[in-house]
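Asker: Which chain is which? The protein sequence lines are A and W, in order.
Reminder that position 190 of the first sequence reads as 201 in our numbering, one-by-one numbering, no gaps.
Reminder that position 55 of the second sequence reads as 66 in our numbering, one-by-one numbering, no gaps.
The beta-carbon is built from N, C-alpha and C at its ideal position, and this holds for glycine as well.
Remember, it's a predicted structure, so these values are computed and weren't measured experimentally.
Protein chains: 2
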Amino acid sequence: MSSSPATIALDAMGGDNGPESVISGAALVLKKHPNLRFQIFGDEARIWPFLDKYPELKAVSSVIHTDKMIRSDEKPSAALRSSKGSSMRMAIESVKEGHAMAVVSAGNTGALMALAKMVLKPLAGIHRPAIASIFPTMKGETIVLDLGANVLVDAENLVQFAVLGSIFAKVHMSLSVPSIGLLNVGSEDVKGPDHVRGAAAILSEIDFPGHYHGFVEGDDITKGTVDVVVSDGYAGNIALKAAEGVGNLAEHLFKKHMLGDPLGILGAMIAFFSLKRLKKNIDPRRYNGGVFLGLNGLCVKSHGGCDALAFSSAVGLAAELCEQNYIERVARHIENLMEQESFLSRDL
Amino acid sequence: MSSSPATIALDAMGGDNGPESVISGAALVLKKHPNLRFQIFGDEARIWPFLDKYPELKAVSSVIHTDKMIRSDEKPSAALRSSKGSSMRMAIESVKEGHAMAVVSAGNTGALMALAKMVLKPLAGIHRPAIASIFPTMKGETIVLDLGANVLVDAENLVQFAVLGSIFAKVHMSLSVPSIGLLNVGSEDVKGPDHVRGAAAILSEIDFPGHYHGFVEGDDITKGTVDVVVSDGYAGNIALKAAEGVGNLAEHLFKKHMLGDPLGILGAMIAFFSLKRLKKNIDPRRYNGGVFLGLNGLCVKSHGGCDALAFSSAVGLAAELCEQNYIERVARHIENLMEQESFLSRDL
C-alpha cells in the first residue's frame, strides 16, 4: 500500500445517468477505501446538489467546473478534435499532470481510449495498451485482456499483455503467481494464428510475474481454468460480447418462463432469497469496469448505462490498482522483460 | 423436396455412448422424416441389439459391419493415416460414392473434418469449407459459421461463407431472403481486421441469396439481430465456446443457489413446469450439430457426449438439408457468384 492517499479523477458528465451515478458511486467506494480523495470534473451546478448529500465524500473531493462534455454518440475522431476543456479530457490531464493517479469515466469508450492513449502515453517499453476486465467463473474470477483496444497484435504484444494481466491478478486476487492462458481455438500446440503460437513460444521461455499455463478455449474463461486469459482485441472483444449476449438471453428466458405463469411466479417468490443470491453472484454491475492497462496512468472505463453500484465497481478497481502501485510494478516488470534475451532475440 | 428418399450414413461407433444414442436418435428422426433411409456403420454385434428395438427404423436401415473405429482422443493426423476401413471413414465414403446424401458422426471432430475434406472434396469454386451451427436467440434462431474449420481466411472465403449460410437459413428457417451479418468488434465501417472489412465491401456489391445487414458484434448472436452470422473460424470458435461457457456457468450457479437451501428447492418444485419449459427452450441438445458446409456431400458433427435426443437434432439437420437439396442449391449460387465481376475483379 502506498502511504500517501490516492486521488482519483472522475468524469462526472460521462454515462447515461451523469453526475448522480458518479457521485453516489464514489460515495460507496469511499466506505471501502477511506483514504481516497477525488477530483470531480463537470458542470458544478449539476454536481453540487448530489455531493451535498454525501458530507464524507464532499470533505475529500474537489470539484473542477467545465461546461463542456463529450457526447456518447460522437465519433472518437471528432470527439478527439474538440475535446479540449471537456470533463473527460480534463480528468485525464489531471492524471498526466500528477494531480490524480487514475481517471474513471462512463463516457464515450472510443474517445476515452483515444484520449487516454494520446494524453497519458504508453509506459516505457509497452507497444500497445490493453483493456482488461474481470469475469465471474465457476471458481471465482478471471481477468481477460485485451477486450478491444487493439484488433491486430503480434506475439510480443500478447506477451506484454500477459505481464499487464499478471500484475493485475496479483493486485485484484492477491495471488503470488497467477496462471496465464492464451485464448485460442484448441489446446494443441499446432493450432491457432501465428501471433498466438508465437506468444506461447515466448511465454514458455521467459521469466515473467505469472505462470504460463498454455492455450485455453473460450469456455475456459467461465470455467476459471486460469487466472488471466490473454487475447488479441479482436477475439477478446467478440468473446466478451458473445458472453454478455448469452447472459442477457438467459435472463430474458428466465423471466419469460418463470414470470409467464402463476406457478412460476409463486415458485420465484418462494425462492426469492435464493434468486437474490444468484443475481448478486452474477450481477454485471459487480464486474463493471474495463481497465486500460499499459499507460502512464490508470484509466477505467465504466459502462455507460451504469448506476451507482456499477460505477462504484469501476472506481473500486481504480482504487485498488492505485493503492497497490500497479503502474510502478508493471514498469519494473516490463523493464525486466525487455532485458531478457528470449524476448528480445525474436524477430517479431 | 426431392422425390426419391434420402439416405443418411451414420457412424455408429463415434461418441461416448456409441450405437445406443445413434440408433435411438435415428429412430426419433424417422418420426419427423418418414421418407429417410439409413446406413449404419460399425460393429454389428453392438448395433443389432439396439436396432431390434425399433422395427420401423430397422425396416429402412442397412448395417455395414466393421470392427475398426477412430478413437475420440486420437490426433487427427494419426487418425487420418489409420482411418481406412473405420466406421467413420466408410460412412463418409458412402456419401462420396453416392449411396448416401449425408453422413452424421459423434466421433473425433478433427478426424471427421479432415476425412470429410479429403474424401468428399470441396464443391467446385469453394475455397474453404466451414462449420455452421444454430444458436437460440431472443427472437428465434441464428446460424453462425465458421465455428472452427479455418482459423485464417480471406475476404473471399467469408463471402462464400455468407452464401453457404444463406442457403442453410433458407432451408432451416424457411426464409426467402435471410439477413447476413459479419462478426466484428464494432459496427462502424472502419473497424476490424482487413479480411472482415474486405468481405463487407464485396457483400455490399454482389448479388447473393441473402441480404447483407452489415457488421454485428458478439452479443448480436443471441439478440437475433440477423439470421446468419459470418465469421472466420478463429473468432467464431472462440465466440461459440465463450457462449457455451456462460451457459454452463448460468446452469451451475442456478443449481448452486436454488438447490442450496430448502426454500430454493421448494420454489423450484413449484415452478417445475416453468423451469422445464425454460430448460427445453435453451436445451443444448436441441441445438446439437455442427454442419460442414461447402463439400461435395453433407457431413454433420454431433457432440461426442450426445444422448439420443441430441443425436437426433444432428441427424434432423442432415435430413432437412438433404430433402431440400442444399448441395445443388449452393453449387448453383456459387457458380453465379464466381461469374460476378464485383467478386472476381478483386485482388484477394
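Is the CB-CB distance between L131/W and K107/W below 8 angstroms?
Answerer: The answer is yes: Cβ separation under 8 angstroms.
Asker: Please name the residues in the region 129-155 of chain A whose beta-carbon is closer than 8 angstroms to at least one beta-carbon of chain W, in chain order.
Answerer: Taking 8 angstroms as the Cβ-Cβ cut-off against chain W, the residues of the region 129-155 of chain A that qualify are P147, T148, M149.
Asker: Scan the region 100-118 of chain A for residues whose Cβ lies nearer than 9 angstroms to a Cβ of chain W and list them as they occur along the chain.
Answerer: none
Asker: Can you have a look at H224/A and say buried or exposed, based on whether 16 or more other CB atoms are within 10 angstroms of its CB?
Answerer: buried
Asker: Counting beta carbon pairs with one atom in the region 336-352 of chain A and one in the region 58-65 of chain W, are three or more of them shorter than 8 angstroms?
Answerer: Using a Cβ-Cβ distance cut-off of 8 angstroms, the region 58-65 of chain W and the region 336-352 of chain A are not in contact, since fewer than three pairs of beta carbons, one from each stretch, lie closer than that value.
Asker: What three-state label does DSSP hand S14/W in the structure shown?
Answerer: The pLDDT assigned to S14/W is 48, lower than 50, so where the model puts this residue is not dependable; a value taken from the coordinates is nonetheless given after this. Three-state DSSP puts S14/W in coil, outside helix and strand.
Asker: Does any CB atom of chain A fall closer than 8 angstroms to the CB of A122/W?
Answerer: no
Asker: State the DSSP-derived secondary structure class of A261/W, mapped to helix, strand or coil.
Answerer: helix
Asker: Among the residues of its own chain, which have a CB less than 6 angstroms from the CB of A122/A, if the five just before and after it don't count?
Answerer: I81, P87, A90
Asker: Mind listing the chain W neighbours of F226/A? Cutoff is C-beta to C-beta under 7 angstroms, in chain order.
Answerer: Chain W residues near F226/A: none, gap ~11 angstroms exceeds 7 angstroms.
Asker: CB-CB under 7 angstroms to P140/W, same chain, minus the five flanking residues each way: which ones, in chain order?
Answerer: K128, P133, A160, F303, L304, G305, L306
Asker: Taking only beta-carbon atoms, is A261/W less than 8 angstroms away from chain A?
Answerer: yes
Asker: Mind reading off the beta-carbon distance from I325/A to V115/A? Whole number of angstroms is fine, and I expect it under 8 angstroms.
Answerer: Before going on, a small fix: residue 325/A reads as Ala here, not Ile. Sure, about 5 angstroms apart at Cβ, within 8 angstroms.
Asker: Locate the alpha helix (DSSP H) running through F322/A, then write down its first and last residues.
Answerer: 319-334
Asker: Name the chain A residues whose beta carbon is nearer than 7 angstroms to that of D238/W?
Answerer: Chain-order list of chain A residues neighbouring D238/W: empty, with the shortest C-beta distance near 16 angstroms, by a criterion of under 7 angstroms.
Asker: DSSP puts V182/W in a beta bridge; with which residues?
Answerer: Bridge partners of V182/W: none, in fact.
Asker: From the beta carbon of H268/W, is the nearest beta carbon of chain A less than 8 angstroms away?
Answerer: yes
Asker: Nearest to P188/A by alpha carbon, out of I142/A, A173/A, G308/A, N195/A?
Answerer: Checking the sequence, you will find Val at residue 188/A rather than Pro. Ranking the options by Cα distance to V188/A, first place goes to A173/A.
Asker: Output yes or no for whether 8 angstroms exceeds the beta carbon distance between A111/A and A246/W.
Answerer: no
Asker: Between S72/W and the rest of its own chain, which residues show a CB-CB distance below 6 angstroms, the 5 nearest in sequence each way excluded?
Answerer: If we look at S72/W and ignore the five residues flanking it on each side, its Cβ neighbours are F49, I51.
Asker: Whole angstroms is fine: what's the gap from E67/A's alpha carbon to I58/A's?
Answerer: 15 angstroms
Asker: Output needed for M184/W: all residues of its chain with C-beta closer than 7 angstroms, excluding positions within five of it in sequence on either side, in chain order.
Answerer: E152, D238
Asker: Kindly indicate which three-state DSSP category H222/A falls into: helix, strand or coil?
Answerer: strand
Asker: Taking the alpha-carbon of G316/A as reference, which of A20/A, R92/A, M24/A has the nearest alpha-carbon?
Answerer: M24/A
Asker: Roughly how many whole angstroms lie between the Cα atoms of N299/A and I276/W?
Answerer: So the two alpha carbons sit approximately 31 angstroms from each other.
Asker: Of all the options G118/A, A17/A, E85/A, which has the alpha carbon lying nearest to the alpha carbon of A33/A?
Answerer: Note on identity: in this sequence residue 33/A is Val, with Ala being the wrong assignment. Considering only G118/A, A17/A, E85/A, the residue with the shortest C-alpha distance to V33/A is G118/A.
Asker: So which residues of chain W does D272/A contact, with C-beta pairs closer than 8 angstroms?
Answerer: At a C-beta separation below 8 angstroms, D272/A has these neighbours in chain W: F284, S285.
Asker: Please list the segments of the beta strand (DSSP E) lying wholly inside the region 122-183 of chain A, counting only runs of 3 or more residues, in order along the chain.
Answerer: 141-147, 152-156
Asker: I'd like to confirm the pairing. Which residues does DSSP put opposite F52/W in its beta bridges?
Answerer: As computed with DSSP, F52/W is found in a beta bridge with D22/W, I75/W.
Asker: Whole angstroms are fine: how far does the CA of N168/A sit from the CA of E346/A?
Answerer: 14 angstroms
Asker: Is K64/A helix, strand or coil when you go by DSSP?
Answerer: Of the three classes helix, strand and coil, the one that applies to K64/A here is coil, per DSSP.
Asker: Any idea what DSSP makes of E350/A, helix, strand or coil?
Answerer: E350/A: coil per DSSP, three-state reduction.
Asker: Identify the residues that DSSP records as bridge partners of S116/W: which are they?
Answerer: D22/W, K312/W
Asker: Tell me, please, whether the CB atom of F265/W is closer than 8 angstroms to any CB atom in chain A?
Answerer: yes
Asker: Between the C-alpha atoms of R340/W and L309/W, what's the straight-line distance to the nearest angstrom?
Answerer: 13 angstroms
Asker: Could you please give the first and the last residue of the uninterrupted beta strand (DSSP E) stretch that includes L194/A?
Answerer: That run of the beta strand (DSSP E) goes 190-194.
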